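Q: Residue 425, in the working numbering, is where the sequence shown stops; the numbers in between run on with no holes. I'd like to ask some things about the structure below.
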Amino acid sequence: MMKEESISNRQLLFLVLLMQIGSRILSLPYMEAKYAGIYGWMAALIGGIASQLSIMLIWNLGKRYPNQHIFQYVYTLAGKPIGSVLTFLYAIYFSYSALIVALLYIEKLSRWVLPKTPWWVLLLLIFIASGYAAMSSLRLQSFISLSLAPILIAGYLTIVVSGLREADIRNILPIGHSGGSSFANGVFQGYTAGFGYDLLLYAFPFVKSQSSRKLLGAITWANGLTTLIYVTVVLICALNFTPDQMSNIPEPTVFILKQLKWDVVQSIDMLFIALWFSILAATVYVYLFLAAKAVCHIGAVHKEKHVLWVWICTGICFAIGCWIPEENVINAVSGKPYEIMSVVCIVFIPLLLLLIPKVSRLRGRNI
Numbered sequence: 059m060m061k062e063e064s065i066s067n068r069q070l071l072f073l074v075l076l077m078q079i080g081s082r083i084l085s086l087p088y089m090e091a092k093y094a095g096i097y098g099w100m101a102a103l104i105g106g107i108a109s110q111l112s113i114m115l116i117w118n119l120g121k122r123y124p125n126q127h128i129f130q131y132v133y134t135l136a137g138k139p140i141g142s143v144l145t146f147l148y149a150i151y152f153s154y155s156a157l158i159v160a161l162l163y164i165e166k167l168s169r170w171v172l173p174k175t176p177w178w179v180l181l182l183l184i185f186i187a188s189g190y191a192a193m194s195s196l197r198l199q200s201f202i203s204l205s206l207a208p209i210l211i212a213g214y215l216t217i218v219v220s221g222l223r224e225a226d227i228r229n230i231l232p233i234g235h236s237g238g239s240s241f242a243n244g245v246f247q248g249y250t251a252g253f254g255y256d257l258l259l260y261a262f263p264f265v266k267s268q269s270s271r272k273l274l275g276a277i278t279w280a281n282g283l284t285t286l287i288y289v290t291v292v293l294i295c296a297l298n299f300t301p302d303q304m305s306n307i308p309e310p311t312v313f314i315l316k317q318l319k320w321d322v323v324q325s326i327d328m329l330f331i332a333l334w335f336s337i338l339a340a341t342v343y344v345y346l347f348l349a350a351k352a353v354c355h356i357g358a359v360h361k362e363k364h365v366l367w368v369w370i371c372t373g374i375c376f377a378i379g380c381w382i383p384e385e386n387v388i389n390a391v392s393g394k395p396y397e398i399m400s401v402v403c404i405v406f407i408p409l410l411l412l413l414i415p416k417v418s419r420l421r422g423r424n425i
């Protein structure tokens, strides 16, 4: 284990929390209203519970190999050829996740705050900052996440205070009428909004904990806080807008922030989106870090070229981001392909790796 990469339970909590809270805080209320109607908050809550089930799966897998991360035990369980393919798949997944988080935020930043700034300039800023941070160890990244926690707390409280001023309970009445097209899709939106705990696939052996249960407790707290934030924001948006209004407002959170007037700052919503850059960068740099670690382990032998691969992954993400037309960014990077890849890497592969030893033992008994 690399001594400089060891982190505490508290550091793991904040790392995962900041990874889970991303640009979805601006758009999740709209998506939940679209699919689950006035019960969007309930769909977000169930989505958070589903995320906890995925966390339990990854935790059980890590507990079986407490001194190894997934890029090591995947070769033990699946062999070198298949292990290399799976490791490469994770490298693509983590790079793709970094690209999506960056693009979805830049699209909102460009539309709300910096409409005249060239698209590539905004992309360059976030990828330079994230790539630089991704060069560091897991421990240093956790320190950065801890320092960004006050911004997250202040942003959340600002949304709550702004939203409660004009909240109207009649907007979520009558009970029994949702107005959404698919509650199950709403639950899935809440589930995908909580992605970020997949960090545990790599970080498990580096967490200094007295027991694996305390480690589970830390990441459960992170997921619980994320779920609380999402449920609160979705509910506040539902209380401020009618279902018809919500269907026409892609980022209702921004309009809620406009309701708060403060003499010191002219536009709270603009300040919020600008400061949220640091939260998004935290998510992007951890994904770039994981992507580089995955590439370094392709072939079962760890190659000490982490910094080089961080910048290669960053450069590839930047090039793809510049190639995608700004007006088509949402349709181009999000949707079914990413959702399928995420479920495969977070649920299917860990479940398969967890079952391989059990299947092997059953075969041995039958023989």
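Built from N, CA and C at the ideal position, the CB exists for glycine as well. The structure displayed is predicted, hence computed values, not measured ones.
Return the CA-CA distance between L297 and R68, expressed in angstroms with no decimal places.
A: Taking the straight line from one Cα to the other gives about 34 Å.
Q: Measure the C-alpha to C-alpha separation of M59 and V353 and round it to an integer number of angstroms.
A: Residue placement at M59 cannot be trusted, given a pLDDT of 43 that sits under 50; what the coordinates show is reported in the next sentence. Straight-line Cα distance between these residues: approximately 18 Å.
Q: Buried or exposed: which applies to A212, given that a residue is buried once 16 or more other Cβ atoms fall within 10 Å of its Cβ?
A: Under this definition A212 is an exposed residue.
Q: Does the Cβ-Cβ distance between W170 and V292 come in under 9 Å?
A: Cβ distance not < 9 Å, so W170 and V292 don't count as in contact.
Q: Between the alpha carbons of T250 and Y343, how many angstroms are there, rounded?
A: Each residue's Cα considered, the two are about 19 Å apart.
Q: Check whether the region 261 to 280 touches the region 108 to 126, counting contact only when three or more Cβ pairs, one atom from each stretch, lie closer than 8 Å.
A: Touching, yes, given that three or more Cβ pairs across the two stretches are closer than 8 Å.
Q: On the CB-based measure, 16 or more other CB atoms within 10 Å of its CB, does H127 come out buried or exposed?
A: Buried, since its Cβ has 16 or more Cβ neighbours within 10 Å.
Q: Just to check my reading of the structure: A187 and I202 have Cβ atoms closer than 8 Å, yes? What is that Cβ distance to the nearest angstrom?
A: Rounded, the Cβ-Cβ distance is 11 Å, inconsistent with contact.
Q: Thinking just about the alpha-carbon of each residue, which of A91, T145, L75, F253 is nearest to the one in I398?
A: Closest option to I398, Cα to Cα, is F253.
Q: What number of angstroms, rounded off, separates the C-alpha of S267 from the C-alpha of P208?
A: Cα to Cα, S267 sits roughly 25 Å from P208.
Q: Work out the CA separation of R197 and V131 for me, nearest whole Å.
A: Sequence check: residue 131 is Tyr here, not Val. Each residue's Cα considered, the two are about 22 Å apart.
Q: Consult DSSP for K138 and reduce its assignment to one of helix, strand or coil.
A: Of the three classes helix, strand and coil, the one that applies to K138 here is helix, per DSSP.
Q: Just tell me which of I65, L73, E63 has its CA closest to the CA of T284.
A: Minimum Cα distance to T284 is reached at L73.
Q: What does a CB cutoff of less than 8 Å around L182 pick up in its chain, not counting 5 residues either side in sequence?
A: So the qualifying residues of the chain are F376.
Q: Per DSSP, which residues does V265 bridge with? Please list them.
A: V265 is bridged to I65.
Q: Which whole-angstrom value describes the C-beta separation of G244 and A101, a residue pair presumed to lie in contact below a C-beta threshold of 8 Å?
A: Going by Cβ atoms, the distance from G244 to A101 rounds to 3 Å, so yes, they are a contact pair.
Q: Let me check understanding here. Comparing Cα to Cα, which of F129, A160, L161 lies closest to L147?
A: Of the listed residues, the one whose Cα sits closest to L147 is F129.
Q: Would you say S142 and I374 are within 9 Å of each other, going by their C-beta atoms?
A: Result no, Cβ atoms of S142 and I374 do not sit closer than 9 Å.
Q: Decide yes or no for the touch test of the region 306 to 319 against the region 103 to 112: beta carbon pairs closer than 8 Å, at least 3 of them.
A: Segments in contact, no.
Q: Which of the three DSSP states, helix, strand or coil, is assigned to E224?
A: The answer is coil: DSSP assigns E224 none of H, G, I, E or B.
Q: If you reduce the DSSP assignment to three classes, tell me which class W170 lands in.
A: Helix, per DSSP.
Q: Excluding sequence positions up to five away, which residues of its chain have a Cβ less than 7 Å from the Cβ of L411?
A: If we look at L411 and ignore the five residues flanking it on each side, its Cβ neighbours are L119, V132, L135.
Q: What distance in whole Å lies between the Cβ atoms of F347 and I65, which are believed to be in contact at a cut-off of 8 Å?
A: Actually they are not in contact, since the Cβ atoms of I65 and F347 sit about 13 Å apart, beyond 8 Å.
Q: Return the Cβ separation of S270 and P408 in integer angstroms, given the expectation that the two are a contact with Cβ distance under 8 Å.
A: Rounded, the Cβ-Cβ distance is 16 Å, inconsistent with contact.
Q: Locate the alpha helix (DSSP H) running through T300, then write down its first and last residues.
A: T300 -> no alpha helix (DSSP H), and no H or E assigned at all.
Q: Does Y288 come out as helix, strand or coil in the three-state DSSP assignment?
A: Y288: helix per DSSP, three-state reduction.
Q: For Y123, which of helix, strand or coil comes out of DSSP?
A: Of the three classes helix, strand and coil, the one that applies to Y123 here is coil, per DSSP.
Q: On the three-state DSSP scale, how would you describe M193?
A: Of the three classes helix, strand and coil, the one that applies to M193 here is coil, per DSSP.
Q: In the DSSP assignment, the alpha helix (DSSP H) including K394 goes from what residue to what residue?
A: Note, K394: alpha helix (DSSP H), 394 to 401.
Q: Using the rule of at least 16 other Cβ atoms within 10 Å of the residue's Cβ for burial, across every protein chain shown, is D327 buried or exposed?
A: When all chains shown are included, D327 counts as buried.
Q: What's the call for W380, buried or exposed, on a 16-neighbour Cβ count within 10 Å?
A: Looking at the sequence itself, residue 380 is Cys, so the reference to Trp does not match. Classification of C380: exposed, given that the 10 Å Cβ count is below 16.
Q: Throw me the rounded Cβ distance for the L84 and K166 pair, which I believe falls under 8 Å.
A: Correct: roughly 6 Å between the Cβ atoms.
Q: Would you grab the beta carbon distance between L333 and V159 for me? Rounded to a whole angstrom, and I think it's under 8 Å.
A: Their Cβ separation, rounded to whole angstroms, is 16 Å, which puts L333 and V159 out of contact at 8 Å.
Q: Measure the alpha-carbon distance for I307 versus E362 and round it to whole angstroms.
A: Spanning the two alpha carbons is a distance of roughly 47 Å.
Q: Relative to the alpha-carbon of Q317, which residue among S336, P301, I294 has its alpha-carbon at the smallest distance?
A: When each option's Cα is compared against that of Q317, the closest is I294.
Q: Suppose the cutoff is 7 Å on Cβ atoms and the five residues either side in sequence are ignored; what does the same chain contact list for I230 look like?
A: For I230, where only same-chain residues beyond five positions count, the Cβ hits under 7 Å are I96, A296, L297.
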